[in-house]
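Just so you know, my numbering puts 302 at position 7 of the sequence shown, and the rest follows in order with no gaps. Inspection log for the structure reproduced underneath, given as structure tokens.
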Amino acid sequence: MTSTTDAARLRRAVAFRDLHTGPRPFVVPNPWDAGTARILASFGFAALATTGAGLAHSLGRPDGTNQLSRAEILDNAAAIVEATGLPVTADLESGFGERPEDVAETIRLAAAAGLVGGSVEDSTGRDGDPVRPLGEAVERVAAAVEAAKALDFPFTVTARAENFFQGLPDLDDTIRRLQAYEAAGADVLYAPGLPDAESVRAVCSAVDRPVNVLMTGALKLSVADLGELGVRRVSTGSALSRAALGALVRAAREITGTGTFDFGLDALPYAEANALLAPAAPAPSADRESDPAP
């Protein structure tokens, strides 16, 4: 017998999978906690993605140095899932462990946390060799795919090629990696840090699976522009969390620099913040013939 929880997760998983085949790209923004997830959901986004950088910064740590544990990532993701009921895919770093078996276990634990997708990157977190050898990276993607296929719902595996994000702007190698991850069974392909429309078009043209693009201030393209280039999914990464940090830093500089508080003029009004974060009213029960008398 299927539980209500399992049925809801299946609906979220199918909805998320199907978004990748829609008529236009969809944006999956990246909240970093339950509150920001609920705010983003109120704007009508169809799905959400977690951000490892946003979580790391909220915990007082730098990103990209393997300072987040798997438990912290998944606890944060579970809170985001619980906050909205939307499909959520997670930044699962490099899979948490040096063996392909470790990556597979991460996928199983991600599914248990309520996630319907997750990304596995080929970075190492080491300064000297920031990107894994291709053969090793492929084994890890294949392990993630195998674990996902063993689940009782469609868990969307995203494989990330980190060259550009790690300061190695090699488009040919990035495409070669994405093609290998596609052959290993990845559902979505992702190369964060692509610098321009030409590189985005080259990546989309070189693979047959949906491509996710990370939007940054430097990549000045609209959702419609990205769709014309072949992109199926757009994420914001840590940009939203860093925008919030930017507002905080500007406010602190004003207070300590001029002793004024003009930043408050741009603050979200107190009542609006409360309204955005209020839980949605429960839907009426389907098996009631009428509401009870007042």
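Virtual Cβ for every residue (Gly too), placed ideally from N, Cα, C. No experiment lies behind these values; they were computed from the predicted model shown.
In this structure, residue 310 sits away from residue 378, with a CB-CB distance that is not shorter than 7 Å. When the beta-carbon positions are compared, residue 408 and residue 373 come within less than 7 Å of each other. When DSSP states are grouped into helix, strand and coil, residue 502 belongs to the coil group.
Burial of residue 382 is indicated by the presence of at least 16 other C-beta atoms within 10 angstroms of its C-beta. Counting along the chain, the unbroken beta strand (DSSP E) around residue 451 starts and ends at 451-455.
Contact annotation, residue 360 with residue 385: C-beta distance approximately 19 Å; criterion of less than 8 Å not satisfied. The beta-carbon separation of residue 343 and residue 375, rounded to 6 Å, stays under the 8 Å limit for a contact. Of all alpha-carbon atoms in 443, 547 and 417, the one lying nearest the alpha-carbon of residue 406 is that of 443.
When the beta-carbon positions are compared, residue 507 and residue 483 come within less than 7 Å of each other. With respect to the C-alpha of residue 426, the residue from 458, 433 and 414 having the closest C-alpha is 458. Sequence-distant Cβ neighbours of residue 397 in its own chain, meaning closer than 8 Å and more than five residues away, are 390 and 391. DSSP lists 321 and 507 as the beta-bridge partner residues of residue 528. In the assembly as shown, residue 417 is a buried residue. Its beta-carbon has 16 or more other beta-carbons within 10 Å.
When DSSP assignments are scanned along the stretch 379-423, the uninterrupted stretches of alpha helix (DSSP H) that are 4 or more residues long and fall wholly within it turn out to be 395-407. Rounded to the nearest angstrom, the gap between the Cα atoms of residue 461 and residue 299 is 42 Å.
Across the set 388, 524 and 535, the C-alpha of 535 shows the shortest separation from the C-alpha of residue 334. Residue 366 and residue 387 have their C-alpha atoms roughly 11 Å apart. Using a Cβ distance threshold of 7 Å, residue 501 and residue 470 count as a contacting pair. Counting only runs of 3+ residues, the beta strand (DSSP E) found wholly inside the stretch 450-495 occupies 451-455 and 483-485, in chain order.
With contacts defined by Cβ atoms closer than 7 Å, residue 532 and residue 514 do not form a contacting pair. A direct Cα-Cα distance of roughly 16 Å separates residue 411 from residue 340. Separation of the CB atoms of residue 322 and residue 529 is rounded to 5 Å, and the pair is thereby assigned contact status at 8 Å. Taking the C-beta atoms as reference points, residue 315 is found nearer than 7 Å to residue 505. In the DSSP assignment, residue 309 falls within the alpha helix (DSSP H) that extends over 299-314.
Straight-line measurement puts the Cα of residue 441 at about 22 Å from the Cα of residue 419.
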